[in-house]
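Colleague: In the working numbering, the protein residues as written are 65 to 177.
We treat Cβ as the ideally placed atom computed from N, Cα and C, and that holds for glycine.
This structure is in structure tokens; I'll ask about it shortly.
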Amino acid sequence: MKEFICTVCPRGCRLKVDEKKLTVTGNGCIRGIEYGKNEAVNPKRILTSTVSIEGGLHRRLPVRTDIAIPKSMLFDCMAVIHGCKTKSPVIAGQVLIENIAGSGANLIASRNM
Ligand code: SF4
């Protein structure tokens, strides 16, 4: 049995997930069932970071993945981000790296610069 706090809404239900049966209890609504199952089987997160930028207002540009990626791929993606450099101008939402580290997610700019 694993326990999670559901982060889908501010209510923050305490979920208990039976990993063998994949049953969820403690959820206040149906959305918690899918969240609990995903957290137990294949937890995913939006990855946020910064990359080096030339000619911008600041030296680092905030970036994020456009979809959540498996937690097991976070370090592979960070290794790619570490070597990434870009040039101004950049527009919020602009794709900087497609399919980063084979995750299926794109790395996008989080702001204009
Ligand atoms: S289970 Fe439903 S009510 Fe509870 S935190 Fe998740 S989304 Fe909100």
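Can you look up L86 in the DSSP assignment and give me helix, strand or coil?
Modeller: Looking at L86 - three-state DSSP - the assignment turns out to be coil, as it is neither helix nor strand.
Colleague: Using alpha carbons as the reference points, say which of G92, I155, N163 and R128 lies closest to G120.
Modeller: Out of G92, I155, N163 and R128, I155 has the C-alpha closest to the C-alpha of G120.
Colleague: According to the neighbour-count rule (16 or more other Cβ atoms, all chains shown, within 10 Å of its Cβ), is M137 buried or exposed?
Modeller: Looking at its Cβ environment, which holds 16 or more other Cβ atoms inside 10 Å, M137 is buried.
Colleague: Just to confirm, does R75 get its C-beta within under 8 Å of one of the non-hydrogen atoms of the ligand SF4?
Modeller: True, at least one ligand heavy atom lies under 8 Å from that Cβ.
Colleague: If I measure Cβ to Cβ from R109 and keep anything under 8 Å in the same chain, skipping five residues before and after, which residues do I get?
Modeller: Closer than 8 Å at Cβ, skipping near neighbours: A132, I133, K135 and L138.
Colleague: Whose C-alpha, out of C73, V105 and D140, is nearest the C-alpha of V81?
Modeller: With distances taken between Cα atoms, V81 lies closest to V105.
Colleague: Within the same chain, show all residues whose beta-carbon is closer than 7 Å to that of S152, passing over the 5 residues directly before and after it, in chain order.
Modeller: Hits under 7 Å: I117, E118, G119, G120 and M177.
Colleague: If we ignore side chains and look at the alpha-carbon of each, how far apart do S174 and G157 end up?
Modeller: In a straight line, the C-alpha of S174 is about 6 Å away from that of G157.
Colleague: Which residue wins for smallest C-alpha separation from G92, given the options V72, L171 and V159?
Modeller: When each option's Cα is compared against that of G92, the closest is V72.
Colleague: Short of 7 Å in beta carbon distance, which residues of its chain neighbour L125, apart from the five on each side in sequence? Order them along the chain.
Modeller: Hits under 7 Å: T114, V115, I117, T150, V154, A173 and M177.
Colleague: Residues in its own chain within less than 6 Å of R75 by CB, not counting five upstream and five downstream?
Modeller: The answer, listed in chain order, is G92.
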